[in-house]
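Student:
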Amino acid sequence: MPNISCPCLRAVLFADHGFFGLFLACSLFLALHAVVFPPLFAQARDHVEADTYLMDLPEASGLPEVMELNLTEAVHLALRRNRDIESAYLGRIMQRFDLGRERTKFLPNLEIAPTMDAEASGGSTRWAAQGPDSEHAQSRTAGASVITSVSQKIPTGMEIFVDWENRIVGRHDTLQGDDNTQETGLVGWTAGVRQPLLKSGGMRYNTASLVRAALQEENNVRALRDRVISTIDGVIAAYRGVMRASQRTDLARDSLDKARKHLEDTRVMIAAGRRAASESLRAEADLAQKELDLETARQNLEEAQLTLARRLELDSGTIIVPTEPIELQPLTPVLEDCLALALERDATYLGSLNTLRMARMKVDDVLNERLWELDLEGSYRDGWHHRHPDPGFRRDEWRVGAVLRIPLPIYGDPKYIREQPLLAARVALREAEMQVQTSKENLESEVRKTVLDVESRLKQVKLAQRTFELQEQNYQFSELKYAMGQISNTEFIQEQDNLRNARNRLNDSIIDYQNSLTTLDRRLATTLETWGVEFRDHRFDLEEEYLGGKTWMLDRHTTKDIP
């Protein structure tokens with residue numbers, strides 16, 4: 216029976232299957248559509264010579280895009296367009312800016328400060344007792360100055376500064392019509408030096424901030440590297456999720472085809488009297504179940520594709536077809552080598568070592584700050600006051616001295632203020648020492664567990680492979696037995712399901728093994744090397760966009776040697 220959408224025509228055909236019924240049904244069908252849809256047919260007649268479509272086709276832009284990608288292509292595509300990674304590189308701009316500022320600590324500082332000012336004032340005085348006479352006064356002042364300062368700090372703690380000042384001031388006074396103009400100026404320079412001998416003195420104390428900045432930079436670079444690795448791992452997991460769902464969909468579709476064929480064969484055997492009529496019900500139920508399984512597999516595949524498209528930041532309508540085969544590539548990691556590599560590259564463990572170094576430096580800094588203050592100071596000033604009544608007027612000043620400050624907090628809040636930093640530094644040092652040990656133990660445990668998981672997953676793949684091979688042979692025998700009537704319909708359907716489940720378990724075991732290798736890569740921080748990704752600790756294009764010609768202010772020291 217053809218599939219007829221018109222209820223009237225369907226009723227007539229069911230009423231009479233003869234020629235007259237068919238003729239009557241066709242006449243009724245044409246008459247009904249001529250009445251209900253005259254514009255559509257009129258449009259078709261009007262445009263028949265133009266050879267156009269009656270209905271508009273959907274635009275190409277609205278169709279889902281299909282992309283075939285292998286896993287390596289998906290990884291590199293994600294790195295080329297990823298907002299999370301771009302956000303991390305934007306953060307690196309500020310980190311490198313702060314580091315560049317810290318590295319200029321012992322470089323000269325140059326500052327020019329021009330200043331201009333103007334002021335006008337006036338007043339009047341009256342003496343009522345002496346008559347209406349009054350005295351009027353007005354004053355106007357204008358000045359300009361330029362001060363140039365150069366200062367530098369050296370690693371011993373010494374501070375050197377040189378100031379050059381050029382100042383001129385003009386004043387105009389008016390009193391009862393009498394004008395008086397005066398100009399004064401100063402051109403001079405000042406040089407000075409200050410050297411701490413106890414508190415704030417010494418190479419170790421004054422260079423500690425540079426060491427901290429370098430250690431923090433190492434932590435920042437490793438954090439960026441791990442963020443890139445996390446992005447890659449997310450793409451890999453999503454891609455393999457699509458692989459898994461795609462394979463399950465293919466197997467479900469194949470099972471559905473086999474179920475349809477099995478139902479046809481069962482009906483033929485029933486018609487031949489070789490099977491009971493009730494066995495068709497079991498075959499039909501199996502067919503319905505296979506249709507449900509296929510629909511479920513399709514839904515899971517669509518969800519997996521949406522997850523991968525979101526990871527790749529593609530349009531949600533993009534259909535990604537994985538071209539990566541599910542195949543076994545066995546690797547045997549050596550535990551000792553993995554442990555050594557993890558201790559060299561793990562960001563958490565190396566970060567705890569840097570924290571320990573900074574904690575030790577903090578104790579040294581606090582002990583230095585508890586010392587007495589003993590500073591040597593000296594300065595010289597040479598100034599020539601031009602426009603002075605005496606053209607040769609100069610004023611020179613020099614100063615040399617020592618400053619000693621002795622803090623003696625005996626009791627109360629000052630005593631607590633003095634002791635609190637040292638106590639906090641020592642506690643932090645002990646915590647850092649324990650954290651190093653904890654990080655090392657955790658890392659070794661995680662690496663050991665991951666290596667064991669890789670070995671176990673490989674064994675599971677081999678067992679699943681053996682199970683599938685045996686199940687495949689068993690299914691072939693079941694086909695022969697069913698054709699000969701030696702097994703029931705239910706038993707044969709069960710063998711089909713067993714074969715499909717064995718294939719699914721084999722695919723899952725291979726993907727799980729690949730995922731365990733990816734986890735091991737993450738533990739060892741070798742993901743970038745595995746996938747051929749060149750790591751860069753900053754992006755010049757973003758720095759140019761936000762700093763323009765001032766990128767010289769960023770730190771330019773290389774960090775390629777940071778593991």
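FYI, our numbering numbers position 195 of the sequence shown as 410, with every residue one higher than the one before it.
Here a beta-carbon is modelled for each residue, glycine too, at the ideal position from N, C-alpha and C.
D472: which of D712, L286 and P636 sits nearest, CA to CA?
Tutor: D712
Student: Classify M331 as helix, strand or coil using the three-state DSSP reduction.
Tutor: Three-state DSSP puts M331 in a strand.
Student: Measure the alpha-carbon distance for D783 versus S424 and round it to whole angstroms.
Tutor: Nothing in the structure corresponds to residue 783, since the chain is present only between 216 and 778.
Student: Helix, strand or coil, according to DSSP, for G236 in the structure here?
Tutor: Residue placement at G236 cannot be trusted, given a pLDDT of 40 that sits under 50; what the coordinates show is reported in the next sentence. Secondary structure of G236 (DSSP, three-state): helix.
Student: Nearest CA to the CA of T538: which residue from E280, L286 and V281?
Tutor: L286
Student: On the DSSP bridge list, what partners appear for A617?
Tutor: L591
Student: Between the Cα of E612 and the Cα atoms of G700, G407, G385 and H387, which residue gives the shortest distance?
Tutor: G407
Student: Along the chain, where does the alpha helix (DSSP H) that runs through M196 open and close?
Tutor: One cannot answer for residue 196 here, as it falls past the ends of the chain, which runs 216 to 778.
Student: Could you give the residue range of the alpha helix (DSSP H) that holds I541?
Tutor: Run containing I541: none; DSSP gives neither H nor E here.
Student: How is P622 classed by DSSP in three states: helix, strand or coil?
Tutor: In the structure shown, P622 sits in coil (DSSP, three-state: anything other than H, G, I, E or B).
Student: Between which two residues does the alpha helix (DSSP H) harbouring H291 extend?
Tutor: L286 to R295
Student: Please look up how many angstroms separate the CB atoms of S724 and V651, rounded, as I've assumed it's under 8 angstroms.
Tutor: About 38 angstroms; that fails the 8 angstroms criterion.
Student: Out of curiosity, what's the CA-to-CA distance linking V662 and D770?
Tutor: 35 angstroms
Student: Kindly give me the distance between the Cβ atoms of I308 and Y761, rounded to whole angstroms, as I take these residues to be in contact under 8 angstroms.
Tutor: 6 angstroms
Student: In whole angstroms, what separates the C-alpha of M699 from that of F692?
Tutor: 11 angstroms
Student: Please name the residue in Q635, Q514 and E494 whose C-alpha comes closest to that of G627.
Tutor: Q635
Student: According to the neighbour-count rule (16 or more other Cβ atoms, all chains shown, within 10 Å of its Cβ), is Q462 buried or exposed?
Tutor: buried
Student: What separation, rounded to the nearest whole angstrom, lies between the Cα atoms of A679 and R437?
Tutor: The straight-line gap from Cα to Cα measures roughly 39 angstroms.
Student: Can you list, in chain order, the residues of its chain whose CB lies under 6 angstroms from that of K577, leaving out five sequence neighbours each side?
Tutor: A640
Student: In angstroms with no decimal places, state the Cα-to-Cα distance between K415 and D580.
Tutor: It is Ser, not Lys, that sits at residue 415 in the sequence shown. Here the alpha carbon of S415 sits roughly 9 angstroms from the alpha carbon of D580.
Student: The beta strand (DSSP E) that contains L401, what's its start and end?
Tutor: D393 to P411
Student: Whose CA, out of S366, V365, V361 and G372, lies closest to the CA of I383?
Tutor: If we check each option's Cα against that of I383, V361 comes out closest.
Student: To which residues of the same chain is T533 closer than 7 angstroms at the C-beta, ignoring the five residues directly before and after it?
Tutor: Taking T533 as the centre and dropping the five residues before and after it, the same chain places the C-beta of P279, E280, M282 and A524 closer than 7 angstroms to its C-beta, in chain order.
Student: Between which two residues does the alpha helix (DSSP H) holding L714 run?
Tutor: Where L714 is concerned, the enclosing alpha helix (DSSP H) starts and stops at N704 to L739.
Student: In the structure shown, what three-state DSSP assignment does A491 receive?
Tutor: coil
Student: Quick check on DSSP: helix, strand or coil for G358?
Tutor: In the structure shown, the three-state DSSP call for G358 is strand.
Student: Which partner residues does F376 have in the DSSP bridge list?
Tutor: S366 and G407
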